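For the sequence shown, the working numbering begins at 298 and goes up steadily by one.
The next block holds one structure in the form of structure tokens; read it before the comments.
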Amino acid sequence: QVQLVESGGGLVQAGGSLRLSCIASGSIFTMNTMGWYRQAPGKQRDLVATLTTGGSITYAGSVKGRFTISRDNAKNTAYLQMNSLEPEDTAVYYCLGRYSGMNYWGKGTLVTVSS
Numbered sequence: 298q299v300q301l302v303e304s305g306g307g308l309v310q311a312g313g314s315l316r317l318s319c320i321a322s323g324s325i326f327t328m329n330t331m332g333w334y335r336q337a338p339g340k341q342r343d344l345v346a347t348l349t350t351g352g353s354i355t356y357a358g359s360v361k362g363r364f365t366i367s368r369d370n371a372k373n374t375a376y377l378q379m380n381s382l383e384p385e386d387t388a389v390y391y392c393l394g395r396y397s398g399m400n401y402w403g404k405g406t407l408v409t410v411s412s
């Protein structure tokens, strides 16, 4: 059974940084795509960033230039370096792993940015 587990969330002041990690366990295959979505209170879950094994990256416009996604394919692990955090970045961040048309989700990690 595939499990994705996020870590690295927490409380940070505006302008600060956090690094999220996501490890996919129970998987004998490398996820084609790994990425991050986020959901703020009362809002839908939105794309933050994705990265394929081929190196193709997609960022939401609101995080371009501030967030950096990376991955270690051998470890089936993805990272999200978040700099210059803003209160609007406050949300639960979910890790996504995609393989053969199937999406796998973590349970989320809370990021709170205080003003």
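Every residue gets a Cβ at the ideal spot worked out from N, C-alpha and C, and that includes glycine.
Because the structure is a prediction, the values reported are computed rather than measured.
DSSP places A371 in the helix class (H, G or I) of the three-state scheme.
DSSP, read as helix, strand or coil, puts E383 in coil. Where V302 is concerned, the enclosing beta strand (DSSP E) starts and stops at 300-304. Going by beta carbons, Y396 and C319 fall outside the 9 Å limit. Per DSSP, S322 is one residue of the beta strand (DSSP E) stretching across 315-322.
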